[in-house]
Structures are given as C-alpha cells and as structure tokens.
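Undergrad: Before I ask anything, here is the structure I am working with.
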Amino acid sequence: MKPSRKLFWQRIVKERHEAFMAFGPGSDRVPFETAEREYLALQKKLLEGVKTEWERRHIKRLIAHDILNVAHPRAKNWEEFSRVLRRIKRLGFIDLENQIHTACLALLWMSSHDRDRVPMAWAMVEDAERRLRRIRQGHFRRKEGLDAIASVKQQVAKKGLTPPAPTRTVSKPMGAAHRRRARLRLLMD
C-alpha cells in the first residue's frame, strides 16, 4: 500500500473515532437525527479523497454501520431504524461479523420497540447463524459468532419472545453427474 493511501485510511480511522467519541456511549443527549446527519456529513467529507469504487463503497458501509450503532440506543420509531437497515441492505455487509452484529442489534431493537417486526429480525439472525455454521467447527469466528447470537437470544427470551418455528426446507434432488461421481467414489473405496 502506498504511503499516501495508508495516510488516507489512517485519517478515516481517526475521523470515525472522533465521531464515535462525540456520538457514542455517554452522549445520550444528542438526538438520533443529529447524529445521523453528522455521520452523513462525515461520509461526504471522507468520500472526497476516494480513488476507487471499492473505497467509496467501503467507506459508505463503514458509516452505515456507525449509524446503526448510534441508532440502536437512540432510534425512537421504526421509520428511523428502518432507514438505517435499508441503507445497510442496499450497500451490503462488510463481512460476516458485521452481518451478525447488524442482525443482533436489529433483534434487540425490535424486541424493545416494535414487536410486530420481530419475525424480520429473527430471519436476519437465522441467516447470519446459517452462514456461521458453514465455517468449520473449530474456528474461533464460528464460536464467537454463535456465542453472540446465543447471548442475544437469551436477552430476547427474557422479554418473552422466542424464534418462530423453523421451516423445514426440502433438499434438492441430486443431479445425474453428482450421482455418477458418488457411485464412482463408492466403487473405488
């Protein structure tokens, strides 16, 4: 990475940290609308130094995630919170950890503020959990992610909410080529 790009990303980290200190924990008096507006102004400022489309999209994803962290304790209604979720959905997740964090915060917020929309949050959590289970068993990210989801499920269960009954999906029938390869493997063993 060129020194100029390294400085660019260090500046982004610094600016986001300053915004977090201004609007993060301990700044409860700042309304959500103000914090969101300031984060979007920061995004606009940070996008001025962008050279590639990937950098542009990544910065937008980072800011969207920062806004979600502010929205969780402060958003008063579905209109405010859904704006954040739509932004994240449109931009996509940074990584699996980001998806888990988003799903868990959505479930916690909806369980406290809008119980009618809880099934949507459960679907987000189930999707994140399904992706986690694809990671090999001993991997630390799988364990940490499943532990985080279990913790959130416990918190929500204390409020009297349980996940909807799982819908069993019918597996797709094997294709002819797959059956032939499986048969060949059996014959070779």
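In terms of our numbering, the sequence shown opens at residue 1 and continues consecutively.
Glycine is no exception: its CB is placed at the ideal position from the N, C-alpha and C atoms.
Got a sec? Which residues, its chain only, sit under 6 Å from residue 124 by beta carbon, not counting five neighbours each side?
TA: Residue 124 sits at position 124 when you count from the first residue of the sequence shown. The residues are 103 and 106.
Undergrad: Given a threshold of 16 other Cβ atoms within 10 Å of its Cβ, counted over all protein chains shown, does residue 16 qualify as buried or as exposed?
TA: Taking the sequence shown and counting its residues from 1, one reaches residue 16 at position 16. Residue 16 is buried by the Cβ-count criterion.
Undergrad: Rounded to whole angstroms, what is the Cα-Cα separation between residue 138 and residue 12?
TA: Mapped onto the sequence shown, residue 138 falls at position 138. Mapped onto the sequence shown, residue 12 falls at position 12. Whole-angstrom Cα-Cα distance: 34 Å.
Undergrad: Mapping the DSSP letters down to three states, classify residue 136 as helix, strand or coil.
TA: Position 136 of the sequence shown, counted from the start, is the residue given in the question as residue 136. Three-state DSSP puts residue 136 in coil, outside helix and strand.
Undergrad: For residue 115, tell me which candidate among 164, 31 and 99 has the shortest Cα-Cα distance.
TA: Along the sequence shown, one-based indexing puts residue 115 at 115. The option with the nearest alpha carbon to residue 115 is 164.
Undergrad: Near residue 10, what residues of its chain come up, given a Cβ to Cβ distance below 8 Å and the 5 sequence neighbours on each side ignored?
TA: Translated into positions along the sequence shown, residue 10 becomes position 10. Excluding sequence neighbours, residue 10 sits near nothing in its chain.
Undergrad: In three-state terms, what does DSSP make of residue 26?
TA: Walking along the sequence shown from the start, residue 26 turns up at place 26. Three-state DSSP puts residue 26 in coil, outside helix and strand.
Undergrad: Count the C-beta pairs between the stretch 81-90 and the stretch 45-59 that are closer than 8 Å, then say yes if the count reaches three, no if not.
TA: Segments in contact, no.
Undergrad: Do residue 38 and residue 64 count as a contact pair if the criterion is CB distance below 8 Å?
TA: Along the sequence shown, read from residue 1 onward, the residue named residue 64 stands at position 64. Along the sequence shown, read from residue 1 onward, the residue named residue 38 stands at position 38. No.
Undergrad: For residue 47, collect the residues of the same chain with a Cβ closer than 7 Å to its Cβ; drop the 5 residues on either side in sequence, then sort them by chain order.
TA: Residue numbering aside, residue 47 sits at position 47 when the sequence shown is read from its first letter. So the list reads 56 and 59, once near-sequence residues are dropped.
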